[in-house]
Amino acid sequence: MAPWTRRQVLTQMGLAAAAVHTLDPHELCCTMAAHAQTADKDLFELKKIGDGVYGAIAHPRYKTNCNGAVILTDDGVVVVDTHSKPSASKALYTQIQEISKKPVVKVINTHFHWDHWQGNESYAAMNPKVEIITTEQTKKNLTTPDAGVGGVPFIEKQIAGMPAEIDKLKADIQKESDPAKKRNLESSLQQAESFLQELKSMKPALPTRTVTTTVSMKEGGREIQLHVLGRAHTNGDLFVYLPKEKVVATGDALIDWMPFMNDGYPEDWVNTLTALDKLDFTSIVPGHGEVRPKSHLAFFRSYFVDLIAAVKKASADKATLAEMQTKIGDELASKYEAGMSKYPSGRYRDRIGQNVEMIYKKVVQKA
Ligand SMILES: [Zn+2]
Ligand SMILES: [Zn+2]
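Here my numbering is used: position 357 in the sequence shown is 366, and no number is missing along the way.
Listed below in structure tokens is the structure:
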């Protein structure tokens, strides 16, 4: 097994620490005493975007689930992305059955990150003939050690990291005196323990079909285009585009949170978003957050442009990384903090420091 570097441990722990404090408004309002029982029910809200096209918008959980997209065809259901664990994709499948009794015939993975593909296996178990489609590069990343925060080797890293997360949650529960916060921590603990069990019994289902360039599929009366537009959030991002319905599912290359750049290519990302902008669509199913109008692309893209310019300038002015993180975080806040802080996770102040560091390392130091 590949060694687990300290940096990866810290990345993982950082994500976990942020998630511990994530309150789930849905649970707090309605089902205070029933966290454990409802942990795997109603994980998603199916939002109709067009005729037979839905965004599966993920509710906040201790271990983040990505959004899915659900596309009904005459031949069966096509699902984009499969979340962080098999029980989550199973839960979505139960919700899908309320709108279609047809089998899931195709699964599309937008990229290799853990929260977008670890539920593949439940679709493979339900339909052995299911096609799992992604880019050639993402398929490669899924089996490459140290590719980043996803893939088969990363499952072992998550298993190695979970006991420390669980111990921390137990310690936090002991210390917490506020009853609502304590209940939330207890729910997180329950979710963390079942996540560990799921990780240990995972039988990862890898892609069965890959694309290297843009492909148009005719699927039971519907056209589904797969677009390979360049590097962005990872080196293997795939965009799913429905030209008739004018909908695009973007994975994490375009989200309604602050971007996660650690496995990304910030300068390429701008160009890839420019290429995406050329497609004629009106709705975005982002990897995280709500369904957004096309105008969100310009906002998200301008964040990269402004951030890259600010880091380059600060670096030319000989600022230290710590100085840049503070100064640029404050400078860009008026334009981006509100729009990038709409949910409990992935907020502006959670990620601006890390984003500045990534731009500094990937754009300035490399240059
Ligand atoms: Zn994600
Ligand atoms: Zn991702």
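Every residue gets a Cβ at the ideal spot worked out from N, C-alpha and C, and that includes glycine.
(request) Could you please give the first and the last residue of the uninterrupted beta strand (DSSP E) stretch that includes V113? (result) Judged by DSSP secondary structure, V113 falls within the beta strand (DSSP E) whose first and last residues are V113 to I117.
(message) Between which two residues does the alpha helix (DSSP H) holding V279 run?
(response) P275 to D286 is the extent of the alpha helix (DSSP H) around V279.
(request) Measure the alpha-carbon distance for L263 versus W123 and round it to whole angstroms. (result) Here the alpha carbons of W123 and L263 stand approximately 17 Å from one another.
(message) Closer than 8 Å is the cut-off here; do at least three beta carbon pairs connect the region 131 to 151 with the region 188 to 202?
(response) Contact between the region 131 to 151 and the region 188 to 202 is absent: fewer than three C-beta pairs spanning the two stretches fall below 8 Å.
(message) At the level of alpha carbons, what is the spacing between C38 and K191?
(response) Caution is warranted here: a pLDDT of 29 is assigned to C38, below 50, making its placement in the model unreliable, and no coordinate value can be reported.
(request) Pick helix, strand or coil for K56, following the three-state DSSP scheme. (result) Here DSSP, grouped into helix, strand and coil, assigns K56 to strand.
(message) To the nearest angstrom, how far is the alpha carbon of M171 from that of S93?
(response) In a straight line, the C-alpha of M171 is about 14 Å away from that of S93.
(request) Check whether the Cβ of D265 lies closer than 6 Å to any heavy atom of ligand 2, and answer yes or no. (result) For ligand 2, not one heavy atom lies less than 6 Å from the Cβ of D265.
(request) Specify which residues have a beta carbon nearer than 5 Å to any heavy atom of ligand 1, listing them in chain order. (result) Chain-ordered list of matching residues: C75, D124, D261 and G296.
(request) For E228, name the three-state secondary structure that DSSP assigns. (result) Annotated three-state conformation of E228 is strand, per DSSP.
(request) Report the three-state DSSP secondary structure of Y352 (helix, strand or coil). (result) If DSSP states are grouped into helix, strand and coil, Y352 belongs with coil.
(request) Decide if A201 is buried, meaning its Cβ has at least 16 other Cβ atoms within 10 Å, or exposed. (result) With 16 or more other CB atoms across the displayed protein chains lying within 10 angstroms of its CB, A201 is buried.
(message) Comparing C-alpha positions only, which one of Q334, P162 and F248 sits nearest to V220?
(response) Out of Q334, P162 and F248, F248 has the C-alpha closest to the C-alpha of V220.
(request) Answer yes or no: do W266 and G298 have a C-beta to C-beta separation smaller than 7 Å? (result) With contacts defined by Cβ atoms closer than 7 Å, W266 and G298 form a contacting pair.
(message) Taking 6 Å as the cut-off, is the C-beta of H92 nearer than that to any heavy atom in ligand 2?
(response) Every heavy atom of ligand 2 is 6 Å or more from the Cβ of H92, so no.
(request) State yes or no: is the C-beta of H68 nearer than 6 Å to some heavy atom of ligand 2? (result) No - ligand 2 has no heavy atom lying nearer than 6 Å to the Cβ of H68.
(message) By the three-class DSSP mapping on this structure, what secondary structure does D265 have?
(response) The three-state reading of DSSP puts D265 in coil, since its state is none of H, G, I, E or B.
(request) Just grab the DSSP bridge partners of L235 for me. (result) The partner list for L235 (beta bridge, DSSP) reads V224 and V249.
(request) Return helix, strand or coil for I182, following the three-state DSSP convention. (result) Here I182 sits in helix by DSSP.
(message) Nearer than 6 Å: is that true of the beta carbon of H305 relative to any heavy atom of ligand 2?
(response) Outside the cutoff, so no.
(message) I'd like to confirm the pairing. Which residues does DSSP put opposite L81 in its beta bridges?
(response) Per DSSP, V86.
(message) Quick check: what's the CA-CA separation for G160 versus G260?
(response) The straight-line gap from Cα to Cα measures roughly 16 Å.
(message) Please tell me whether, using a cut-off of 6 Å, the distance from the CB of H236 to the nearest non-hydrogen atom of ligand 2 is below it.
(response) No; taking the cut-off as 6 Å, the Cβ of H236 has no heavy atom of ligand 2 nearer than that.
(request) Leaving out five residues on either side along the sequence, give the residues of the same chain with a beta carbon under 7 Å from the beta carbon of Q146. (result) So the list reads N244 and G245, once near-sequence residues are dropped.
(message) In this structure, how does DSSP classify Q301 when only helix, strand and coil are distinguished?
(response) It is worth fixing the name first, because residue 301 is Arg in this sequence and not Gln. In the structure shown, R301 sits in a strand (DSSP, three-state: E or B).
(message) Helix, strand or coil for G362? Go by DSSP, reduced to three states.
(response) G362 falls in the helix class under three-state DSSP.
(request) Find out if the Cβ-Cβ distance for the pair I293, V257 is shorter than 7 Å. (result) In this structure, V257 lies closer than 7 Å to I293 by Cβ.
(request) Can you give me the Cβ contacts of I368 inside the same chain, cut-off strictly under 7 Å, excluding the 5 residues immediately before and after it? (result) Cβ within range, chain order: P275, L316, I317 and V320.
(message) Once DSSP output is grouped into helix, strand and coil, what is the label at I108?
(response) It is coil, neither helix nor strand.
(request) Give me the Cα-Cα distance between K351 and R358, rounded to the nearest whole angstrom. (result) Cα-Cα distance, rounded: 12 Å.
(request) Can you grab the Cα-Cα spacing for the pair M41 / T281, in whole Å? (result) In this prediction, M41 scores a pLDDT of 29, lower than 50, which makes its location untrustworthy; the coordinate-derived value is nonetheless stated afterwards. Going from the Cα of M41 to the Cα of T281 covers about 43 Å.
(message) Judging by CA-CA distance, which residue of M333, G355, F313 and A173 is the nearest neighbour of A241?
(response) Of M333, G355, F313 and A173, the residue nearest in Cα terms is F313.
(message) Using the Cβ count rule (16 or more neighbours within 10 Å means buried), how would you classify K391?
(response) What the structure shows of the chain is the stretch from 10 to 376, and residue 391 is not part of that stretch, so it cannot be assessed.
(message) For P295, report the span of its beta strand (DSSP E) as first-last.
(response) Where P295 is concerned, the enclosing beta strand (DSSP E) stretches over S292 to P295.
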